[in-house]
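Residue numbers (this note's numbering), protein chains in the order written: chain A, -14 to 281; chain B, -14 to 281.
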């Protein structure tokens, strides 16, 4: 049995993907973890009112909802459907944040979306993301929800996220109030970026870091590159360096471990949570200088 | 049968990997292509003098040698071995360029190398690349060879190339004479980069473009991400846009098609060359405005 996990550790539900919501909450709380990030499919499978009830009863903080976005759709019925779905995600985020323990944050993680079907116009796709943020920002503000734009690794640029760097995400967020539009720093997506140190510092100055997510990169990549994430410390990412930069940038919130990996999904959720704690304590926790609860 | 290929098309030998050197030259020339980029393993399998003889007899231009580099080795015997191997590559490049038809260029493509074994220090690895260029540049100059630093896609940053963007490659090249250290623009590696347009223009201003290589990106990626390249036009890369930018930047040299793909390797070399011509003529050639031979 490991010692008590760092109070800022949050389990992102994707790490224990096969656990239904009630089990995910139970396993997380039983391990002594204080916070959880949820996924919409799981929340919707339980129903939003039931998810609110379960989360409230768990005693856990709520650190994010994954995910909104997928904005790279030309104007028309499909785009309207996507925008309406994002409106529901905003509402879900607000209700879940209100149901979580004190220190919960109303953060909705946004993934940009890839190139539209048949398109080779990445600049055009990127502009669709900015347009969508402009449309949703007033509604997010009204709901007290922060939209957190997440740059994804460039290997996903064609089919998942045309926003590939923290700098790009900050450029897109720039027109908006930082309380309404922020960014996600996910080590897996940004570790390679030669501009990372400068962009994390900029994200701090501009008050944009809405979430810090951690998992590791290891080669060879899995055959399905979506599932190629690992426990912190099991790969080559410099967690002490990046974590210290995120701390210096002023981020004092929960730190989510978000892993997509078939082998980890195939282990018992409680085991995966214990392994997560173990990796986090060794690779990430030593550089988390600020006390839990010292949020802005 | 397709019509005559664009005079600036060059077959990079990797596209027909299983053809020994003599066959690669024969198939390329027989298809009406004027230029070829060679790989060291193939040249060494034939022996350098024999490769020089075969190339000279083929009537083809020589557009590059792949590849030197793999510089991310700490000082010690292993680094000395790597540097000596790069010296041999410089000599091979000089001899092959002299043996090729008029218009040949003495370009040695350099891949940075990944993180050293057991290391998580990407900044340190990057500095090893700069050190190696400083050591080799005088020897390249003396041999009349241009070292062409190639940024690789960030999905290869851990195990193959800690230089991931054109901007980084240009920063590393900056201390050196552009005639001695240039960069490679390979569409597969850089298409996603939000800074691409600006960095291609900068590469032109700084006179650094030593090679323009093309192949396409398609999802889902192959299980081995090294082999996930496709014929130009078969994926989502905006060849007209990028090619026009490279042209505006002043590049007037040969354009190599370099594809690593098991399925393409498993087709007969002559067939792969015909498919290459077909893709190139449709996706790339229309935007090659300058006449062949109009090199600086």
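The beta-carbon is built from N, C-alpha and C at its ideal position, and this holds for glycine as well.
#1: Alpha carbon to alpha carbon, how far is residue 12/B from residue 97/A?
#2: Who pairs with residue 197/B in a beta bridge, going by DSSP?
#3: Does DSSP put residue 45/B in a helix, in a strand, or in coil?
#4: So what does residue 92/B bridge to, in DSSP terms?
#5: If the cut is a Cβ gap below 7 Å, which residues of chain B does residue 208/A touch?
#6: Listed from N- to C-terminal order along the chain, which residues in the stretch 141 to 153 of chain B have their beta-carbon within a distance smaller than 9 Å of any beta-carbon of chain A?
#7: Below 9 Å on C-beta distance, what does residue 59/A contact in chain B?
#8: Short of 7 Å in beta carbon distance, which residues of its chain neighbour residue -7/A, apart from the five on each side in sequence? Order them along the chain.
#9: Would residue 88/A be called buried (16 or more neighbouring beta carbons within 10 Å of its own) or exposed?
#10: Please go through the same chain and pick out, in chain order, the residues whose beta-carbon is closer than 7 Å to the beta-carbon of residue 261/B, but skip the five residues on each side of it.
#11: What are the start and end residues of the alpha helix (DSSP H) that includes residue 189/A?
#12: Please determine, among 236/B, 141/B, 251/B, 76/B, the residue with the shortest C-alpha to C-alpha distance to residue 37/B.
#13: To be precise: take each residue of the stretch 212 to 243 of chain B, compare its Cβ to all Cβ atoms of chain A, and keep it if any distance is under 9 Å. Which residues remain?
#14: When Cβ atoms are compared, which residues of the stretch 193 to 204 of chain B fall closer than 7 Å to chain A?
#15: Do residue 82/B and residue 90/B have their C-beta atoms closer together than 8 Å?
#16: Rounded to whole angstroms, how far is the Cβ of residue 155/A from the Cβ of residue 191/A, which I believe are closer than 8 Å?
#17: Compare the C-beta of residue 282/B with all C-beta atoms of chain A and state if any pair is closer than 8 Å.
#18: Which residues does DSSP list as the beta-bridge partners of residue 215/B?
#19: In three-state terms, what does DSSP make of residue 149/B?
#20: Look up residue 10/B in the DSSP assignment and say whether it is helix, strand or coil.
#21: Find out if the Cβ-Cβ distance for the pair residue 168/A, residue 147/A is shorter than 8 Å.
#22: For a test of your reading of the model: does the CB of residue 26/B fall under 7 Å from any non-hydrogen atom of the ligand HEM? Yes or no.
#23: For chain B, find out if any of its Cβ atoms is closer than 8 Å to the Cβ of residue 100/A; answer yes or no.
#24: Compare the C-beta of residue 278/A with all C-beta atoms of chain B and state if any pair is closer than 8 Å.
#25: Drop a sphere of 10 angstroms on the beta-carbon of residue 256/B, count the other beta-carbons inside from all chains shown, and report buried for 16 or more, exposed for fewer.
#26: Assess contact between the stretch 134 to 154 of chain B and the stretch 104 to 118 of chain B, defined as three or more Cβ pairs (one per stretch) separated by less than 8 Å. Is contact present?
#27: Considering Cα atoms alone, identify which of 172/A, 54/A, 152/A, 139/A is closest to residue 122/A.
#28: Using a Cβ-Cβ cutoff of less than 6 Å, which residues in the same chain neighbour residue 152/B once the five nearest sequence positions on both sides are dropped?
#29: Leaving out the 5 sequence neighbours to the left and right, which residues in its chain are closer than 7 Å to residue 124/A when beta-carbon positions are compared?
#30: For the stretch 176 to 195 of chain B, enumerate the residues whose C-beta is nearer than 8 Å to any C-beta of chain A, in chain order.
#31: Can you name the residues that DSSP bridges to residue -3/A?
#32: Would you say residue 303/B and residue 41/B are within 8 Å of each other, going by their C-beta atoms?
#33: Look up residue 50/A in the DSSP assignment and give the residues it is bridged to.
#34: With a cut-off of 8 Å on the beta carbons, I'd call residue 136/A and residue 150/A a contact; round off their distance for me.
#35: Taking 8 Å as the threshold (beta carbon to beta carbon), is residue 160/B in contact with chain A?
#36: Less than 6 Å between C-beta atoms, sequence neighbours within five positions excluded: which residues of the same chain meet that for residue -14/B?
Let me spell this out:
#1: So the alpha carbons of these two residues sit roughly 44 Å apart.
#2: Beta-bridge pairing links residue 197/B to 170/B, 240/B.
#3: Residue state, collapsed to three classes: coil.
#4: Answer is 131/B, bridged to residue 92/B.
#5: Simply 208.
#6: Residues are counted here when their Cβ sits less than 9 Å from a Cβ of chain A; for the stretch 141 to 153 of chain B these are 141, 142, 143, 144, 145, 147, 148, 149, 150, 152, 153, given in chain order.
#7: The contacting residues do not exist; residue 59/A stays about 16 Å from chain B at best.
#8: Same-chain partners within the cutoff: 239, 240, 273, 277.
#9: Answer is buried; the Cβ neighbour count reaches 16.
#10: Excluding its 5 nearest sequence neighbours in each direction, residue 261/B has C-beta neighbours in its own chain below 7 Å: -4, 0, 216, 242, listed in chain order.
#11: Taken as a continuous stretch (DSSP letters only), the alpha helix (DSSP H) holding residue 189/A covers 181 to 190.
#12: Selected option, being the one with the closest Cα: 76/B.
#13: Residues passing the 9 Å Cβ filter: 220, 221, 222, 223, 224, 225, 226.
#14: Answer in chain order: 202, 204.
#15: Yes, these two residues count as a Cβ contact at 8 Å.
#16: Indeed, because the Cβ distance is near 6 Å, the residues count as touching under 8 Å.
#17: An answer regarding residue 282/B cannot be provided, because it is not within the stretch -14 to 281 covered by chain B.
#18: Per DSSP, the beta bridge partners of residue 215/B are 201/B.
#19: Note: residue 149/B maps to coil in three-state DSSP.
#20: Reduced to three states, the DSSP call for residue 10/B is helix.
#21: Not closer than 8 Å, so no.
#22: Because no ligand of any kind appears in the structure shown, any question about the ligand HEM cannot be addressed here.
#23: The C-beta of residue 100/A comes closer than 8 Å to at least one C-beta of chain B.
#24: Note on residue 278/A: pLDDT 48, under 50, position unreliable in the model; the coordinate value appears next. Judged by the 8 Å Cβ criterion, residue 278/A is not in contact with chain B.
#25: Its Cβ having fewer than 16 others within 10 Å, residue 256/B is exposed.
#26: The stretch 104 to 118 of chain B and the stretch 134 to 154 of chain B touch, with three or more beta-carbon pairs separated by less than 8 Å.
#27: Proximity to residue 122/A across 172/A, 54/A, 152/A, 139/A peaks at 54/A, based on C-alpha coordinates.
#28: Excluding residues within five positions, the ones whose Cβ falls inside 6 Å are 180, 184.
#29: Non-local beta-carbon contacts of residue 124/A in its own chain, meaning distances under 7 Å to residues more than five positions away in sequence, involve 72, 75 in chain order.
#30: Near chain A, meaning a CB-to-CB distance below 8 Å, the residues of the stretch 176 to 195 of chain B are 176, 177, 178, 179.
#31: DSSP lists 22/A as partners of residue -3/A.
#32: No statement about residue 303/B is possible, as the shown extent of chain B runs from -14 to 281 and does not include it.
#33: Per DSSP, 23/A, 93/A.
#34: Contact annotation, residue 136/A with residue 150/A: C-beta distance approximately 5 Å; criterion of less than 8 Å satisfied.
#35: No, its Cβ sits nowhere closer than 8 Å to a Cβ of chain A.
#36: At residue -14/B, the pLDDT of 48 sits below 50, so the modelled position is not reliable; the number obtained from the coordinates is stated separately. Excluding residues within five positions, none has a Cβ falling inside 6 Å.
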